[in-house]
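Asker: Numbering (the UniProt record's numbering), first residue to last: 1 to 150.
Where a beta carbon is used, it is the ideal one built from N, C-alpha and C, also for glycine.
None of these values were measured; they are calculated from a predicted model.
Right under this line is the structure:
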């Protein structure tokens, strides 16, 4: 099987363009990319490695690359039990850009996270989303459960 990196780039750019529009960011694909990356990295920080592997198995190559970029599986998992803590973790992964990307607003951050999980349903099966949800603390289950049915 030959790797077609041009195809991955094209698919990734198409995804990012549409995802950015879904976030309501117009053409700001840089911001959309940062939000996507921060949200995926926060998710991988709180779910077990085995669940991460099952999750990324369903993602297209361009999203797998985003998910695993900089991943240190030996890193201690943060204790995240509430949505506010998850949103803080997302902001941490966004780094200095978080101030502008999330506008100092939990409502905006929550909207971006919700949109991300809704959009990922194009690639991830209902069963896998249920598995992820079932492993989350009670206060985080709504992050996934509201978006299982597509």
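#1: Measuring CA to CA, which of 33, 21, 74 and 29 is closest to residue 49?
#2: Within the same chain, show all residues whose beta-carbon is closer than 7 Å to that of residue 44, passing over the 5 residues directly before and after it, in chain order.
#3: Buried or exposed: where does residue 31 fall if 16 or more other Cβ atoms within 10 Å of its Cβ makes it buried?
#4: Are the CB atoms of residue 90 and residue 39 nearer to each other than 7 Å?
#5: Residue 9: buried (16+ other C-beta within 10 angstroms of its C-beta) or exposed?
#6: Taking the straight line between their C-alpha atoms, what separation do you get for residue 94 and residue 63?
#7: Exposed or buried, what is residue 101 when buried is set at 16 or more other beta-carbons lying within 10 Å of its beta-carbon?
#8: Give every residue of the same chain whose Cβ lies closer than 7 Å to the Cβ of residue 97, excluding the five residues on either side of it in the sequence, and list them in chain order.
#9: Taking the straight line between their C-alpha atoms, what separation do you get for residue 139 and residue 88?
#10: Would you check if the distance between the CB atom of residue 15 and the CB atom of residue 128 is smaller than 7 Å?
#11: Scan the stretch 103-140 and note each continuous alpha helix (DSSP H) run of 4 residues or more that stays entirely inside, going in chain order.
#12: For residue 27 and residue 118, I'd like the C-alpha separation in whole angstroms.
#13: In angstroms, rounded to a whole number, what distance separates the CA positions of residue 134 and residue 141?
#14: Taking a contact to mean a Cβ-Cβ separation below 7 Å, would you say residue 123 touches residue 58 in this structure?
#15: Measure the CB-CB distance between residue 79 and residue 137 and report whether it falls below 7 Å.
Answerer: Short version:
#1: Among 33, 21, 74 and 29, the Cα nearest to that of residue 49 belongs to 74.
#2: Taking C-beta separations shorter than 7 Å and ignoring five residues to either side along the sequence, the partners of residue 44 in its chain run 52, 67 and 71, following chain order.
#3: buried
#4: Closer than 7 Å, so yes.
#5: Classification for residue 9: exposed.
#6: When rounded, the distance between both Cα atoms is 17 Å.
#7: buried
#8: 34
#9: 15 Å
#10: no
#11: 106-120 and 126-134
#12: 20 Å
#13: The straight-line gap from Cα to Cα measures roughly 7 Å.
#14: yes
#15: By the CB criterion at 7 Å, residue 79 and residue 137 fall outside the cutoff.
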